[in-house]
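J.: Please read through the structure below; I'll follow up with questions.
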Amino acid sequence: MWFCIYSRFRHVCPIPGMILAENPHVSSEHSLASETLQMSRLTNGEAEIGLHKPNNQVQYQGSNGRYGNLGFDGTNGRPCRDENCGKEDIGVSSRDASTDVLSKKATQQKEMTLEDMYNQDLNDDDDDSDWEPFPQHVEIVKWFCTNCTMVNLDDVAHCDICGEHRESGILRHGFFASSLLQDSGLTEIGADTRERHRGSQDSASNSSTAVGFDERMLLHSEVQMKSHPHPERPDRIRAIAASLATAGIFPGRCYPISAREITREELQMVHSLEHIEAVDHTSHMFSSYFTPDTYANEHSAHAARLAAGLCADLTKEIVSGRAKNGFALVRPPGHHAGVRQAMGFCLHNNAAVAALAAQASGAKKVLIVDWDVHHGNGTQEIFDQNKSVLYMSLHRHEGGKFYPGTGAADEVGTMGAEGYCVNVPWSRGGVGDNDYIFAFQHVVLPIASEFAPDFTIISAGFDAARGDPLGCCDVTPAGYAKMTHMLTDLSGGKLLVILEGGYNLRSISSSATAVIKVLLGESPGCELDNTLPSRSGLQTVLEKNKLKRDGGLWHQYGGKGEGKLYCIIF
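With full-length UniProt numbering applied, the sequence shown covers 1 to 570.
Written out as structure tokens, the structure reads:
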């Protein structure tokens, strides 16, 4: 799930070498200075060539631990730290030297080999008392963006990718914090949100929306950072929790449920014993990996059991009627975890645990709608032969080239459960609100309504959100709010939203907040009913008719009342 990061690393290239060039249209002084030593710096995808422009400089660290300006003395091709070095368009040193001496040196250099020039002592007439060898290791100071994790050079205050200030207050105030300014509090909206917060404290006991959250899930983290911060990091739920607190939603308008660890017996309804024991065993190890991108530390197994336990208990609250709906603010995520394997950042399958908990509490039919940008291969595998759980996924697929490669339209279920798995595989990135809403209107809702679930689960990954570094799609908070609202009419409003992916903190916190506001009964805001999909989105939805539509969505497998659903082929 992590292989598609598109980071644009800015760096300084090593010195490519020295090239002698003659130009009859310039003086001998300029001929000598035409040794073009180049250094490149990658900025916004374009190479800027050093020494062809005035004042082109790059930072390096010397023995004193500070960064200075590194230029080049055009006379002898050596490093130079003089402030005036490089101010000429062609890099000629500003030291006073006679034209005759320079011309003589130019003539001598033309008759020499590069090796001769390298070995020759040119200290006859120049004062080289300030000459220092070029450092063998150029260290570039960089920082990683809190919001999107992308790398930036130390000399910039805002992330090149998402524009977030390197010291923004997003972890304190969520998406309400300014992305452009250093964290200095919430002077503009602070009073308003505090007032709303005070007015909503008493409403939590009467709220119909429950939230599951426990700070111990923050302890699950990658022990040793590799070349880049892991996208599935504790800050994800910190930012969402900060946004909800700032808005006075949680704590406030929603009520919490107590966290507990899922039992082994409950997990065995979903996973094999070997898988459960493998996850548990990580609690005895300082650091471990199930796959190159799926890490664990000594707290990960506990965090995974807490996440699954919260999802199971939220489900019971909703099915029993003690809560109308709920939001599971949990990690690690789960929809890639299959019967026997952990993968894609996922350890236990939280949505599958919730589905079976719903059935144990009396719900006969469960709908799972997965809008994470990656296909939930684990959830599909677990319910592949189950006609009482309808799994529907909208995800980037691109012919199997997008992680995890599963979720083609012809994956419809097996062993008598054909039609109870519905995949909407987008053929490209950049998919936005219009495509998702169109697919909901013409695929998701018609099939889900015919299925008539008793309980609905949303596997809510927010990595299809605008700005996400992995998903590269364009769904907005209003789009997520609208999709949530469209599902509230199913199963009598008994709806549980479970956090899956999403790796841009500003995107996931604003999107999660918009979804919870809908759960609280607020309008989704922007109307997206009369929307036109993109050409590729329209093609994805319309090509379902290629498989014997027979005049209706349900005719392929017998229609309503015969226990089978229509199999959609795109």
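Backbone N, C-alpha and C define an ideal beta-carbon position, used for all residues, glycine too. Quick caveat, the model's predicted, so the values are computed rather than measured.
Near D435, which residues of its chain fall below 6 Å by C-beta distance, leaving aside the five closest residues on each side in sequence?
T.: Within the sequence shown, numbered from 1, the residue matching residue 435 stands at position 435. For D435, where only same-chain residues beyond five positions count, the Cβ hits under 6 Å are P533, S534, G537.
J.: Note down, one range per segment and in chain order, each alpha helix (DSSP H) of at least 4 residues found wholly within the region 496–524.
T.: Listed in chain order, they are 505–519.
J.: Are the CB atoms of E317 and G309 within a distance shorter than 8 Å?
T.: Counting from one through the sequence shown, the residue named residue 309 turns up at place 309. Counting from one through the sequence shown, the residue named residue 317 turns up at place 317. Not a contact, by the Cβ cut-off of 8 Å.
J.: With distances taken Cα to Cα, identify the nearest neighbour of L356 among V431, N297, D370, E266.
T.: For the purposes of this step, residue 356 is identified with residue 356 of the sequence shown, where counting begins at 1. Answer by Cα proximity: E266.
J.: Could you check how far apart the C-beta atoms of V373 and H397 are, in whole angstroms? I think they sit under 8 Å.
T.: Locating residue 373 in the sequence shown gives position 373, counting from the first residue. Locating residue 397 in the sequence shown gives position 397, counting from the first residue. About 10 Å; that fails the 8 Å criterion.
J.: Relative to the C-alpha of Q268, which candidate in N349, T246, R233 has its C-alpha closest?
T.: If you number the sequence shown from 1, residue 268 lands on position 268. For Q268, the nearest C-alpha among the options comes from N349.
J.: Please work out which residues of its chain come closer than 8 Å, Cβ to Cβ, to G65, disregarding the five sequence neighbours upstream and downstream, and give them in chain order.
T.: Within the sequence shown, residue 65 is the residue found at index 65, counting from 1. Confidence at G65 is low in this model, with a pLDDT of 35, below 50, so the placement of that residue should be treated as unreliable; the coordinate-derived value is given next. Excluding residues within five positions, none has a Cβ falling inside 8 Å.
J.: Would you kindly work out how many angstroms separate the C-alpha atoms of I382 and A352, rounded to a whole number?
T.: As a working mapping, residue 382 is identified with position 382 in the sequence shown. As a working mapping, residue 352 is identified with position 352 in the sequence shown. Their Cα atoms are separated by approximately 7 Å.
J.: Taking DSSP as the reference, what is the three-state secondary structure of Q350?
T.: Here the question's residue 350 lines up with position 350 in the sequence shown. The question names Gln, yet the displayed sequence has Asn at residue 350. Note: N350 maps to helix in three-state DSSP.
J.: Start and end of the beta strand (DSSP E) containing L367?
T.: Taking the sequence shown and counting its residues from 1, one reaches residue 367 at position 367. It spans 366–370 - the beta strand (DSSP E) in which L367 sits, taken as one unbroken run.
J.: Indicate the three-state DSSP secondary structure (helix, strand or coil) for F451 in the structure shown.
T.: Counting from 1 along the sequence shown, the entry for residue 451 is found at position 451. Looking at F451 - three-state DSSP - the assignment turns out to be helix.
J.: Give the secondary structure of I237 by DSSP, where H, G and I count as helix, E and B as strand, and everything else as coil.
T.: As a working note, residue 237 is residue 237 in the sequence shown. Of the three classes helix, strand and coil, the one that applies to I237 here is helix, per DSSP.
J.: Express the C-alpha separation of A303 and H281 in angstroms, rounding to a whole number.
T.: Against the sequence shown, residue 281 aligns to sequence position 281. Against the sequence shown, residue 303 aligns to sequence position 303. So the two alpha carbons sit approximately 13 Å from each other.
J.: Might you give, ordered along the chain, the residues of its own chain that have their beta carbon closer than 6 Å to the beta carbon of A342, omitting 5 neighbours on each side?
T.: Sequence index remark: in the sequence shown, residue 342 carries index 342 (1-based). Excluding sequence neighbours, A342 sits near F290, T294.
J.: Assuming Y255 and S207 are in contact, meaning their beta carbons sit under 8 Å apart, how far apart are those beta carbons, in whole angstroms?
T.: Numbered from 1 along the sequence shown, position 255 holds the residue referred to as residue 255. Numbered from 1 along the sequence shown, position 207 holds the residue referred to as residue 207. That pair is a contact at about 5 Å.
J.: Under the three-state reduction of DSSP, which class applies to I140: helix, strand or coil?
T.: For the purposes of this step, residue 140 is taken as the residue at position 140 of the sequence shown. DSSP places I140 in coil when its eight states are reduced to three.
J.: Which residue from S272, G338, F345, I257 puts its Cα closest to that of S300?
T.: Taking the first residue of the sequence shown as 1, we reach residue 300 at position 300. Ranking the options by Cα distance to S300, first place goes to F345.
J.: Pairing CB atoms from the region 459–473 with CB atoms from the region 404–411, are three or more of them under 8 Å?
T.: Taking 8 Å as the limit for Cβ pairs, the verdict is that the region 404–411 does not touch the region 459–473.
J.: If I measure Cβ to Cβ from G429 and keep anything under 7 Å in the same chain, skipping five residues before and after, which residues do I get?
T.: Translated into positions along the sequence shown, residue 429 becomes position 429. For G429, where only same-chain residues beyond five positions count, the Cβ hits under 7 Å are R396, C472, C473.
J.: Once DSSP output is grouped into helix, strand and coil, what is the label at A307?
T.: As a first step, residue 307 is located in the sequence shown; it is residue number 307 there, counting from the start. Helix, per DSSP.
J.: So what's M392 in DSSP terms, helix, strand or just coil?
T.: Mapped onto the sequence shown, residue 392 falls at position 392. M392 falls in the strand class under three-state DSSP.
J.: Rounded to whole angstroms, what's the CA-CA distance from V151 to D468? Just pull it up for me.
T.: Position 151 of the sequence shown, counted from the first residue, corresponds to residue 151. Position 468 of the sequence shown, counted from the first residue, corresponds to residue 468. C-alpha separation (whole angstroms): 15 Å.
J.: Please name the residue, chosen from K365, G169, A312, E215, that lies closest to S491 on a Cα-to-Cα basis.
T.: Residue mapping note: residue 491 aligns to position 491 of the sequence shown, counting from 1. Among K365, G169, A312, E215, the Cα nearest to that of S491 belongs to K365.
J.: Under the assumption that G376 contacts H335 (Cβ atoms under 8 Å), give the Cβ distance between them as a whole number of angstroms.
T.: Residue numbering aside, residue 376 sits at position 376 when the sequence shown is read from its first letter. Residue numbering aside, residue 335 sits at position 335 when the sequence shown is read from its first letter. Contact flag correct, Cβ pair sits at about 3 Å.
J.: With respect to 7 Å, is the separation between the Cβ of H228 and the closest non-hydrogen atom of the ligand NAD below this value?
T.: Of ligands this structure carries none, so the ligand NAD is not represented either.
J.: Which word fits L273, buried or exposed, when buried means at least 16 other C-beta atoms lie within 10 angstroms of its C-beta?
T.: Residue numbering aside, residue 273 sits at position 273 when the sequence shown is read from its first letter. Under this definition L273 is an exposed residue.
J.: To which residues does DSSP link P231 through a beta bridge?
T.: In the sequence shown, residue 231 corresponds to position 231, counting from 1. Its beta-bridge partners do not exist; DSSP assigns none.
J.: Pick out whichever of V138, P292, V444 has its Cα sitting closest to the Cα of W371.
T.: Residue numbering aside, residue 371 sits at position 371 when the sequence shown is read from its first letter. It is V444.
J.: Taking all protein chains shown into account, decide if Q380 is buried (16 or more other Cβ within 10 angstroms of its Cβ) or exposed.
T.: Your numbering for residue 380 matches position 380 in the sequence shown. Q380 is buried by the Cβ-count criterion.
J.: Out of G169, G501, E139, point me to the one whose CA is closest to A337's CA.
T.: The sequence position of residue 337 within the sequence shown is 337, counting from 1. Checked all of G169, G501, E139; the closest Cα to A337 is G501.
J.: Please list, in chain order, all residues of the same chain as D454 whose beta carbon is under 6 Å from its beta carbon, the five residues on each side excluded.
T.: Working through the sequence shown from its first residue, we reach residue 454 at position 454. Correct list, in chain order: A363, K364, K365, S491.
J.: Could you spell out where the alpha helix (DSSP H) holding V287 opens and where it closes?
T.: Here residue 287 is taken as the residue at index 287 of the sequence shown, counted from 1. The sequence shown places Ser at residue 287, not Val. Not the alpha helix (DSSP H): S287 falls in the beta strand (DSSP E), residues 287–291.
J.: Which residues does DSSP pair with R253 in a beta bridge?
T.: As a working mapping, residue 253 is identified with position 253 in the sequence shown. BP columns for R253 are empty, so no partner.
J.: Can you give the Cα-Cα distance for G432 and T531, rounded to whole angstroms?
T.: Numbered from its first residue, the sequence shown carries residue 432 at position 432. Numbered from its first residue, the sequence shown carries residue 531 at position 531. Between G432 and T531, the C-alpha separation is close to 11 Å.
J.: Do Y480 and A514 come within 8 Å of each other at the CB atom, strictly closer than that value?
T.: Here the question's residue 514 lines up with position 514 in the sequence shown. Here the question's residue 480 lines up with position 480 in the sequence shown. Result yes, Cβ atoms of A514 and Y480 sit closer than 8 Å.
J.: Quick one: using the 10 Å Cβ neighbour count with 16 as the cut-off for buried, is residue 599 buried or exposed?
T.: No information on residue 599 is available, as it lies outside the stretch 1 to 570 that the chain covers here.
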